[in-house]
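K.L.:
Residue numbers for the sequence shown follow this note's numbering, beginning at 263 and rising by one. Glycine included, C-beta positions come from ideal geometry on N, C-alpha and C. Quick caveat: nothing in here was measured; it's all calculated off a predicted structure.
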Amino acid sequence: MNCFSAIITSIETDETGSLFLLELDASGLQLSMLLFDLKPAFTEGSSVNLLFKETGMAIARNLTGEISFSNQFSATVTAIRSGNILADITLASPAGKCTVIVTIRSVQRMKLDIGDSVTVLLHASQISLETPWMITEN
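#1: Could you tell me which uninterrupted beta strand (DSSP E) segments, each at least 3 residues in length, are contained entirely in the stretch 306–386, listed from first to last along the chain?
#2: Does the distance from the C-beta atom of ARG323 to that of ASP378 stay below 9 Å?
#3: With the cut-off set at 9 Å, would you say LEU283 and MET295 are in Cβ contact?
#4: Would ASN333 be called buried (16 or more neighbouring beta carbons within 10 Å of its own) or exposed?
#5: Suppose you measure from the CA of HIS385 to the CA of ILE329; what does that come to, to the nearest Å?
#6: Give me the residue from ILE351, THR393 and GLY327 with the minimum Cα distance to ILE376.
#7: Can you tell which of GLY279, ASP287, LYS373 and THR361 has its C-alpha closest to the C-alpha of SER308?
#8: Could you give the first and the last residue of the continuous beta strand (DSSP E) run that contains ALA288?
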């Protein structure tokens, strides 16, 4: 599981009050997420940890044009561990290290190598939140 530290910068709600759009600042990366259950600890200005799965992300090289992913940020490939079918790719971003899992075919097609710049794509519905104190209680 990937984890970035962030600050909640704004919270919007839909007309029913059951869906929330949170804007977050993770070391200068502006990210957004969707949330159905807004816990009292999640308020504007709160420090949180953003959690997202290695399989819930995508990476792109030479990305151009508009896409529906609201969360896009630059990263650099720092390691590639290849298996027979999948590759575990470690990335360095302004918010810290993260890992993405893709197929070997994708690595080969994209001609990925250590040091390459990529765009990370993270769907707003694929992020979970926890407060830092949640970690110490477990």
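P.N.:
With the structure as the only source:
#1: 309–314, 319–322, 333–344, 348–355, 358–365 and 379–384
#2: Your numbering for residue 323 matches position 61 in the sequence shown. Your numbering for residue 378 matches position 116 in the sequence shown. For ARG323 and ASP378, yes; Cβs fall inside 9 Å.
#3: Your numbering for residue 283 matches position 21 in the sequence shown. Your numbering for residue 295 matches position 33 in the sequence shown. Yes, Cβ-Cβ distance for LEU283 and MET295 is below 9 Å.
#4: For this step, residue 333 is matched to residue 71 along the sequence shown. By the neighbour-count rule (16 or more Cβ atoms within 10 Å), ASN333 is buried.
#5: By one-based count along the sequence shown, residue 385 stands at place 123. By one-based count along the sequence shown, residue 329 stands at place 67. So the alpha carbons of these two residues sit roughly 11 Å apart.
#6: In the sequence shown, the residue the question calls residue 376 occupies position 114. Checking every option, the nearest Cα to that of ILE376 belongs to ILE351.
#7: Residue mapping note: residue 308 aligns to position 46 of the sequence shown, counting from 1. Out of GLY279, ASP287, LYS373 and THR361, ASP287 has the C-alpha closest to the C-alpha of SER308.
#8: Looking up residue 288 in the sequence shown gives position 26. First-last of the beta strand (DSSP E) with ALA288: 282–288.
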